[in-house]
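Asks:
Numbering (UniProt numbering), first residue to last: 1 to 144.
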């Protein structure tokens, strides 16, 4: 339950602010959800981070890119703020090799060399020898 306490606080705080604004406009509108929704658009720094509420009562999410650095310390490497259908990425690092310290500072490829299904493997032809046994064991073949 403690993990969601910040979101619970922010949702109740949002409702209380919208209700307060609604009651200032009409003291009898406390049961009018439509009027309350008209006052829900707001932005504030909540317990769970930045809270941006749209006029439709939807929270615009903010995603945080966290990681563990080479010293075992948690670091925040970026923020993605979403507004409607648009996401805006804001890097919080100056050197990308810090993100990939476990890979020698090198970013992984966008697509593996063999492809995502493994069917883009380059065919490598290698010479091989074939040894067969004498006729009673001719069903046994070994490749070297």
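Note that beta-carbon positions come from the ideal geometry of N, C-alpha and C, so glycine has one too.
#1: Please classify residue 4: does DSSP put it in a helix, a strand, or coil?
#2: Helix, strand or coil: how does DSSP classify residue 24 here?
#3: Quick one: Cα of residue 44 to Cα of residue 73, how far?
#4: On the premise that residue 22 lies in contact with residue 36, defined as a C-beta separation below 8 Å, what is that separation, rounded to the nearest angstrom?
#5: In the DSSP assignment, find the unbroken alpha helix (DSSP H) run with residue 57 in it and report its ends.
#6: With a CB to CB cut of under 8 Å and the five nearest residues on each side skipped, what residues in its chain are close to residue 99?
#7: Look at the alpha carbon of residue 105 and the alpha carbon of residue 69, and state the distance between them as a whole number of angstroms.
Replies: Quick look at the numbers:
#1: helix
#2: In the structure shown, the three-state DSSP call for residue 24 is helix.
#3: 29 Å
#4: 5 Å
#5: Taken as a continuous stretch (DSSP letters only), residue 57 belongs to no alpha helix (DSSP H), as it is neither H nor E.
#6: 67, 77, 93, 107
#7: 12 Å
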